[in-house]
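Student:
There are 4 protein chains.
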Amino acid sequence: MSDTPLNWGKWGDDDERGTLNYITEEKTLNAARLVKSGKVYPLAIPLEADGPIWPTRHKNWHVATFRNLDEGSGGAEDILMMHTHGSTHVDALCHIFSDGKMYNGHSAKDSINATGARRNAISNIGGIVTRGVLIDVAAHHGVDVIDADHIVTPEEIEAIAEAQGVTIESGDALLFRTGWIKVWDQDKVKFDAKQPGPSLAAAQWAGQKEVAIMAADNSAVEAFPLPEGMVIHHEFLRNQGGYLMELLNLEALASDKVYEFQFVVAPLNIKKGLGSPITPLAIC
Amino acid sequence: MSDTPLNWGKWGDDDERGTLNYITEEKTLNAARLVKSGKVYPLAIPLEADGPIWPTRHKNWHVATFRNLDEGSGGAEDILMMHTHGSTHVDALCHIFSDGKMYNGHSAKDSINATGARRNAISNIGGIVTRGVLIDVAAHHGVDVIDADHIVTPEEIEAIAEAQGVTIESGDALLFRTGWIKVWDQDKVKFDAKQPGPSLAAAQWAGQKEVAIMAADNSAVEAFPLPEGMVIHHEFLRNQGGYLMELLNLEALASDKVYEFQFVVAPLNIKKGLGSPITPLAIC
Amino acid sequence: MSDTPLNWGKWGDDDERGTLNYITEEKTLNAARLVKSGKVYPLAIPLEADGPIWPTRHKNWHVATFRNLDEGSGGAEDILMMHTHGSTHVDALCHIFSDGKMYNGHSAKDSINATGARRNAISNIGGIVTRGVLIDVAAHHGVDVIDADHIVTPEEIEAIAEAQGVTIESGDALLFRTGWIKVWDQDKVKFDAKQPGPSLAAAQWAGQKEVAIMAADNSAVEAFPLPEGMVIHHEFLRNQGGYLMELLNLEALASDKVYEFQFVVAPLNIKKGLGSPITPLAIC
Amino acid sequence: MSDTPLNWGKWGDDDERGTLNYITEEKTLNAARLVKSGKVYPLAIPLEADGPIWPTRHKNWHVATFRNLDEGSGGAEDILMMHTHGSTHVDALCHIFSDGKMYNGHSAKDSINATGARRNAISNIGGIVTRGVLIDVAAHHGVDVIDADHIVTPEEIEAIAEAQGVTIESGDALLFRTGWIKVWDQDKVKFDAKQPGPSLAAAQWAGQKEVAIMAADNSAVEAFPLPEGMVIHHEFLRNQGGYLMELLNLEALASDKVYEFQFVVAPLNIKKGLGSPITPLAIC
């Protein structure tokens with residue numbers, strides 16, 4: 002595991018935005034030009050108690066309240082209790098650290114307490130509008146769902162991109178489709194036991210390519226079991242200041258063979274937040 | 002108050018999406034073409050316990066948990082407990098009803114219980130990508146914050162649009178800036194006591210113009226006190242199937258005089274949800 | 002199912018306390034005199050996410066926060082999110098109703114909304130100090146756990162009481178031990194599928210005996226499946242104004258053959274509450 | 002501030018119950034004999050959003066859900082979200098520590114994480130049944146509410162006890178009435194700004210007297226502002242393993258001049274919990 006953080010200091014010692022610095026106004030402008038038909042793909046799974054969730058977390062809790070259902074002037078609303086990482090979500094850069102240091106060397110101990118994170122918090126994101134690229138691993142191998150022990154290498158990513166006719170550029174969001182999200186409905190124990198995902202080398206390669214975002218239709222972008230720990234989180238999020246998005250549903254994009262698109266993510270503006278549930282959008 | 006629901010049945014008796022039907026793929030495509038510089042404006046206020054909230058609701062509750070802050074491999078995450086209507090948010094079409102009927106005549110009693118709404122739920126939205134138009138009421142009157150008893154009429158909206166050089170089109174999102182959001186930091190009691198907003202006539206006019214979304218930088222889009230009840234909610238949301246977005250921060254847009262833009266809203270995909278916190282984005 | 006509510010009006014049309022009226026100061030005084038050794042038995046199961054809970058409810062959620070674990074002046078505390086009926090608990094008299102009427106004829110519709118119950122709320126209880134009587138059904142049949150389809154009849158209760166050398170008196174709390182709580186650790190699916198409990202006739206008999214409280218070591222006091230609905234809730238709670246306590250652990254009491262004791266229950270003083278988690282105490 | 006923990010090791014190096022060891026079966030038996038009339042005083046304030054709470058904590062959140070209010074078979078229940086220290090409550094012995102050590106030298110760092118406390122948790126309590134003694138400071142000074150800057154000394158406690166005709170014994174619960182709880186309804190800002198309470202010397206004296214519990218009708222038993230920190234928490238809870246109970250309502254006891262009684266506290270059996278809301282009972 003690399004312990005030379007690639008991007009620390011690259012955008013100044015105070016930087017808390019990491020690879021979002023790659024997404025310049027020019028990058029955002031070019032992303033808008035990828036819209037050719039006006040079709041919008043929402044990429045979130047249903048946010049519900051029974052959805053997939055990292056096993057140590059509590060299930061999402063949703064309660065509705067209402068008045069005057071059948072006469073007069075009535076209303077209804079709801080309450081949500083959830084881990085911000087409890088359904089489709091983006092990790093803030095304060096989510097993972099090691100040896101006491103978060104992305105860019107910010108001290109975890111000085112930054113984080115029960116009220117949240119003073120540094121590298123989710124509220125630094127604002128809104129993300131960049132080019133998204135689907136890397137359809139499952140389709141490339143001619144299957145609906147890739148095997149649980151499949152580890153995606155840099156060479157494989159490049160081969161898939163080439164086959165799909167896309168190139169990876171600075172500031173891109175890479176969306177890895179393994180098909181694994183479909184396992185949840187079939188076998189929840191299998192879903193949580195083992196998952197396919199990119200290799201550590203893929204995260205390092207992403208750093209060289211200046212990829213801004215790695216997203217996947219699995220629980221943690223990571224392949225697991227994790228013999229060496231959360232290598233993607235360590236290398237991409239902590240060392241590079243890259244953004245991880247998890248538990249996406251990429252089936253409709255894959256079915257329509259949409260490989261590049263305007264990619265929009267608008268996390269909740271949680272003060273001192275460590276992540277946010279999201280509905281990423283692909284617009285093509 | 003009009004009791005002839007303008008759009009009921011217009012898109013079929015089963016329709017649950019209302020004015021989103023105005024946002025065709027062509028409309029979305031044209032909205033993308035409004036991006037000229039690549040600048041992104043996130044329009045959410047901070048989601049925190051101390052932010053503005055409808056007085057009968059509980060404050061947002063946010064707790065962080067963490068491990069290994071100073072050695073080894075560490076991590077941190079957070080839990081959120083909130084009314085979906087507790088910060089910047091969008092109302093689902095099931096939020097308001099009268100005489101037992103929601104938008105399109107769906108029965109409130111048959112649709113809503115403590116687990117949520119079977120009909121007109123937030124999950125029908127998916128993602129919204131359309132043309133956004135800022136209606137800067139405060140600037141038009143040469144003030145930072147418009148008076149609490151100012152009611153915005155259709156004539157005034159048209160005058161502002163003309164002065165700003167924009168026209169209102171089918172499927173647009175209208176964002177009303179009153180400046181009222183700034184009162185919160187100065188005087189919380191004043192903020193909640195009385196607020197400016199559009200008139201019932203403005204909601205009716207919006208229906209004629211096929212406006213899809215009415216948003217504002219106040220608590221409920223509505224002007225209040227509400228001598229005749231929530232007239233905008235009744236007319237625009239219930240009768241027209243229109244979407245209301247509340248507690249936006251429009252200051253940066255106004256400061257830069259950005260009057261039309263690609264407007265993107267991606268609500269959380271809450272199963273049977275009655276609203277969602279959001280970070281609306283204006284991209285220009 | 003009896004529809005002649007036994008105790009409605011018995012303590013006045015405004016009464017909201019039901020069978021607690023049987024627990025006079027004299028009854029409480031006599032209960033204190035049952036203490037002979039000073040031994041205290043707490044009767045609550047562990048309140049945790051993984052404990053038994055009615056399947057439609059969300060699991061208990063518990064989060065700890067802390068500061069300065071290793072130096073200086075430190076502190077830790079916790080947050081609890083739970084159904085009040087989510088572990089060992091007592092039902093308020095507003096919990097169950099039929100034909101629009103709660104205990105004593107109070108209107109459910111006029112009393113209950115999302116903020117709680119104006120009538121028959123948990124806060125009417127205060128504290129309960131009375132005579133408790135263990136009815137050890139399992140031991141009477143020479144088993145650790147009684148069969149799932151065992152229905153306890155009035156005759157059986159009287160036989161058990163006689164064998165145990167106790168008589169049932171006005172204002173008593175009857176604690177039914179089926180042993181079922183032990184099934185949870187062995188087989189959670191079995192635990193929820195079917196449970197033993199008292200019959201409707203037993204609830205009617207309890208009314209004649211002026212029993213104040215029916216408690217059990219199962220999920221709902223009720224035997225289920227419930228071909229005729231929640232007959233005990235309907236007859237004992239709604240019709241008689243009796244108190245139901247559920248998910249108790251009676252193993253230590255049974256092991257020590259403690260059949261009568263000072264029984265103390267102190268529900269949380271939740272304003273407009275519909276139930277409360279409790280730790281009932283048996284003191285002998 | 003004393004740094005020689007009085008009771009560490011006294012009941013063995015593994016002990017996690019502290020002063021509850023003073024409450025022997027004989028003590029509990031004698032406490033039952035204090036019941037002379039059968040009158041029960043519940044000592045909890047209403048558990049509600051608008052009640053007094055330590056200012057950094059979130060308000061209690063309570064939501065009711067219901068079905069079939071007006072026909073058929075109906076039911077209602079509720080959900081509670083709260084700090085366990087958010088209304089009338091007892092502190093677990095893991096609540097406060099310093100220099101990394103909790104009561105009896107247990108390591109805070111090794112014991113506490115986001116899931117709770119492995120050592121000194123609330124679930125060690127079970128149920129408390131002992132002699133309670135009211136120390137009515139306000140009445141002793143002939144006032145309804147004692148001054149905010151009044152610090153109760155050991156000499157004053159002894160003088161009050163003598164005037165009330167009671168002596169302090171090993172294992173007793175001392176309930177200090179300052180009257181301060183009444184300030185909440187009159188002036189919430191005043192309530193939180195400054196409070197009367199016992200001195201550090203009083204906590205040391207309580208240690209010598211083998212007092213098991215110190216309770217009060219203020220926010221933290223402590224007088225504050227706290228120039229030397231939470232001295233009572235440090236000395237009584239951490240050093241002596243004593244139990245603190247806060248935000249009690251002692252008005253009815255004082256009004257009836259009930260100075261000794263059977264005192265019963267049954268905390269929720271929260272696994273790894275750091276405190277519990279309670280309804281303490283005084284039975285006389």
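Protein chains in written order, with the working numbering: chain Y, 2 to 285; chain C, 2 to 285; chain F, 2 to 285; chain R, 2 to 285. Think of the CB as a built atom: it goes at the ideal place given N, C-alpha and C, for glycine as much as any other residue.
#1: Against chain Y, does Val134 of chain C count as a neighbour if the rule is that its beta carbon must be under 8 angstroms from one of theirs?
#2: From the DSSP output, in three-state form, read off Pro29 of chain R for me.
#3: Roughly how many angstroms separate the alpha carbons of Ala255 of chain Y and Leu269 of chain C, rounded to a whole number?
#4: Provide the residue span of the beta strand (DSSP E) that contains Ser74 of chain F, from first to last.
#5: Mind listing the chain C neighbours of Thr66 of chain R? Cutoff is C-beta to C-beta under 9 angstroms, in chain order.
#6: Distance, Cα to Cα, Tyr104 of chain R vs Asn250 of chain Y?
#7: Do Ala33 of chain F and Thr131 of chain F have their beta-carbon atoms positioned less than 8 angstroms apart in this structure?
#8: Buried or exposed for Pro56 of chain R, going by 16 or more other Cβ atoms inside 10 Å?
#9: Output yes if chain C places a C-beta closer than 8 angstroms to the C-beta of Ile286 of chain F; else output no.
#10: Closer than 7 angstroms by beta-carbon distance: list the chain Y residues that pair up with Leu275 of chain C, in chain order.
#11: Specify, as a first and last residue, the run of the beta strand (DSSP E) that Thr130 of chain C falls within.
#12: Helix, strand or coil for Ile182 of chain F per DSSP?
#13: Quick one: is Gln241 of chain R near chain F, going by C-beta distance under 8 angstroms?
#14: By alpha-carbon positions, which one of Y:Glu157, Y:Ala149, Y:Val41 ends up nearest to Asn219 of chain Y?
#15: Three-state secondary structure (DSSP) at Pro6 of chain Y?
#16: In whole angstroms, what is the alpha-carbon distance linking Pro6 of chain R and Arg119 of chain R?
#17: According to DSSP, is Pro43 of chain Y helix, strand or coil?
#18: If you scan the stretch 97–127 of chain C from start to end, which runs of the beta strand (DSSP E) of 3 or more residues do you find wholly inside it?
#19: Drop a sphere of 10 angstroms on the beta-carbon of Met2 of chain Y, count the other beta-carbons inside from all chains shown, and report buried for 16 or more, exposed for fewer.
#20: Between Leu94 of chain F and Met246 of chain F, what straight-line distance do the alpha-carbon atoms span, to the nearest angstrom?
#21: Alpha carbons only, please: which of F:Pro197, F:Ala109, F:Asp137, F:Glu78 is nearest the one belonging to Gly166 of chain F?
#22: Over the uninterrupted beta strand (DSSP E) stretch that includes Glu261 of chain R, give me the two end residues.
#23: With DSSP as the reference, identify every bridge partner of Trp62 of chain Y, one or two as the case may be.
#24: Taking buried to mean at least 16 other C-beta atoms within 10 Å of its own C-beta, is Gln187 of chain Y buried or exposed?
#25: How many Å lie between Thr1 of chain F and Thr20 of chain R at the Cα?
#26: Could you work out which residue in R:Pro53, R:Gly172, R:Leu30 is closest to Trp185 of chain R when comparing CA atoms only?
#27: Just the C-alpha distance for Ala109 of chain Y and Ser74 of chain Y, rounded to the nearest angstrom, thanks.
#28: Helix or strand or just coil, what does DSSP make of Glu223 of chain F?
#29: Identify, in the order they occur along the chain, each residue of the same chain with its Cβ nearer than 8 angstroms to the Cβ of Ile147 of chain C, setting aside the five sequence neighbours on each side.
#30: Return the chain-ordered list of same chain residues with a C-beta closer than 7 angstroms to the C-beta of Ala213 of chain Y, the five sequence neighbours on each side being excluded.
#31: Is Ala50 of chain F close to chain Y, meaning its C-beta is less than 8 angstroms from at least one C-beta of that chain?
#32: Which residues mark the beginning and the end of the beta strand (DSSP E) in which Glu247 of chain F is found?
#33: Met246 of chain Y touches chain C at which residues, Cβ-Cβ below 7 angstroms?
#34: Name the chain Y residues whose beta carbon is nearer than 8 angstroms to that of Val55 of chain F?
#35: Beta-carbon within less than 6 angstroms of Asn125 of chain C's beta-carbon, same chain only, minus the 5 sequence neighbours each way: which residues are those?
#36: Which same chain residues, not among the five before or five after Gly208 of chain R, have their C-beta less than 6 angstroms away from its C-beta?
Tutor: So, to answer that:
#1: As a working note, residue 134 of chain C is residue 133 in the second sequence. For Val134 of chain C, the answer is no, since every Cβ of chain Y falls outside 8 angstroms of its Cβ.
#2: Against the fourth sequence, residue 29 of chain R aligns to sequence position 28. Per the sequence shown, residue 29 of chain R should be read as Thr rather than Pro. It is helical.
#3: Within the first sequence, numbered from 1, the residue matching residue 255 of chain Y stands at position 254. Within the second sequence, numbered from 1, the residue matching residue 269 of chain C stands at position 268. Roughly 22 angstroms separates the two Cα atoms.
#4: Taking the third sequence and counting its residues from 1, the one referred to as residue 74 of chain F is at position 73. Where Ser74 of chain F is concerned, the enclosing beta strand (DSSP E) stretches over 74–84.
#5: Taking the fourth sequence and counting its residues from 1, the one referred to as residue 66 of chain R is at position 65. Ordered by position in chain C, the residues that pass the 9 angstroms Cβ test against Thr66 of chain R are Asn114, Ala115, Thr116.
#6: Residue numbering aside, residue 104 of chain R sits at position 103 when the fourth sequence is read from its first letter. Residue numbering aside, residue 250 of chain Y sits at position 249 when the first sequence is read from its first letter. One C-alpha to the other measures close to 50 angstroms.
#7: Along the third sequence, one-based indexing puts residue 131 of chain F at 130. Along the third sequence, one-based indexing puts residue 33 of chain F at 32. In this structure, Ala33 of chain F does not lie closer than 8 angstroms to Thr131 of chain F by Cβ.
#8: By 1-based counting over the fourth sequence, the position of residue 56 of chain R is 55. So Pro56 of chain R ends up on the exposed side.
#9: Summary: the structure shown does not reach residue 286 of chain F, with chain F confined to residues 2 through 285, and so no result is reported for it.
#10: The count along the second sequence starts at 1 and reaches residue 275 of chain C at position 274. Near Leu275 of chain C (Cβ distances below 7 angstroms), the residues of chain Y are Ala65, Ala77, Glu78, Asp79.
#11: Residue mapping note: residue 130 of chain C aligns to position 129 of the second sequence, counting from 1. The sequence given here places Val at residue 130 of chain C; Thr does not occur at that position. That run of the beta strand (DSSP E) goes 129–137.
#12: Along the third sequence, read from residue 1 onward, the residue named residue 182 of chain F stands at position 181. Ile182 of chain F falls in the helix class under three-state DSSP.
#13: Indexing the fourth sequence from 1 puts residue 241 of chain R at position 240. Gln241 of chain R does not count as touching chain F.
#14: For the purposes of this step, residue 219 of chain Y is taken as residue 218 along the first sequence, with counting starting at 1. Measuring from the Cα of Asn219 of chain Y, the nearest candidate turns out to be Y:Ala149.
#15: Counting from one through the first sequence, the residue named residue 6 of chain Y turns up at place 5. Residue state, collapsed to three classes: coil.
#16: As a first step, residue 6 of chain R must be located in the fourth sequence, where it is residue number 5. As a first step, residue 119 of chain R must be located in the fourth sequence, where it is residue number 118. For Pro6 of chain R and Arg119 of chain R, the distance between alpha carbons rounds to 21 angstroms.
#17: Here residue 43 of chain Y corresponds to residue number 42 of the first sequence, with the count starting at 1. Note: Pro43 of chain Y maps to strand in three-state DSSP.
#18: 97–99
#19: Counted from its first residue, the first sequence places residue 2 of chain Y at position 1. Low confidence applies here, because Met2 of chain Y scores a pLDDT of 43, under 50, leaving its location unreliable; read the following figure in that light. Answer is exposed; the Cβ neighbour count stays below 16.
#20: The count along the third sequence starts at 1 and reaches residue 94 of chain F at position 93. The count along the third sequence starts at 1 and reaches residue 246 of chain F at position 245. Taking the straight line from one Cα to the other gives about 12 angstroms.
#21: Position 165 of the third sequence holds residue 166 of chain F. Gly166 of chain F has its Cα closest to that of F:Asp137, out of F:Pro197, F:Ala109, F:Asp137, F:Glu78.
#22: For this step, residue 261 of chain R is matched to residue 260 along the fourth sequence. Segment 261–266, the beta strand (DSSP E) holding Glu261 of chain R.
#23: As a position in the first sequence, residue 62 of chain Y is number 61, starting the count at 1. Partner(s): Y:Met82.
#24: Here residue 187 of chain Y is taken as the residue at index 186 of the first sequence, counted from 1. Flag for Gln187 of chain Y reads exposed.
#25: Because residue 1 of chain F is not part of the residues shown, which for chain F are 2 to 285, the question remains open.
#26: Here the question's residue 185 of chain R lines up with position 184 in the fourth sequence. Measuring from the Cα of Trp185 of chain R, the nearest candidate turns out to be R:Pro53.
#27: Translated into positions along the first sequence, residue 109 of chain Y becomes position 108. Translated into positions along the first sequence, residue 74 of chain Y becomes position 73. Those two C-alpha atoms are separated by around 50 angstroms.
#28: As a first step, residue 223 of chain F must be located in the third sequence, where it is residue number 222. Coil.
#29: Here residue 147 of chain C refers to the residue found at position 146 of the second sequence. Only Val138, Ala139, Thr179, Gly180, Trp181, Pro197 meet the Cβ criterion.
#30: Translated into the one-based positions of the first sequence, residue 213 of chain Y becomes position 212. Excluding residues within five positions, the ones whose Cβ falls inside 7 angstroms are Thr20, Leu21, Tyr23, Ile24, Thr131, Gly172, Asp173, Ala174, Gly243, Tyr244.
#31: The residue labelled residue 50 of chain F in the question sits at position 49 within the third sequence. At least one chain Y Cβ lies under 8 angstroms of Ala50 of chain F.
#32: Taking the third sequence and counting its residues from 1, one reaches residue 247 of chain F at position 246. Here the beta strand (DSSP E) through Glu247 of chain F covers 244–247.
#33: Taking the first sequence and counting its residues from 1, the one referred to as residue 246 of chain Y is at position 245. Correct list: empty, because the minimum Cβ distance to chain C is about 13 angstroms.
#34: For this step, residue 55 of chain F is matched to residue 54 along the third sequence. Reading the sequence as shown, one finds Trp at residue 55 of chain F and not Val. What Trp55 of chain F touches in chain Y: nothing, since even the nearest Cβ is about 14 angstroms away.
#35: Here residue 125 of chain C refers to the residue found at position 124 when the second sequence is read from its first residue. Answer for Asn125 of chain C: Glu17, Arg18, listed in chain order.
#36: Mapped onto the fourth sequence, residue 208 of chain R falls at position 207. Excluding positions up to five away in sequence, the list reads Leu7, Gln241.
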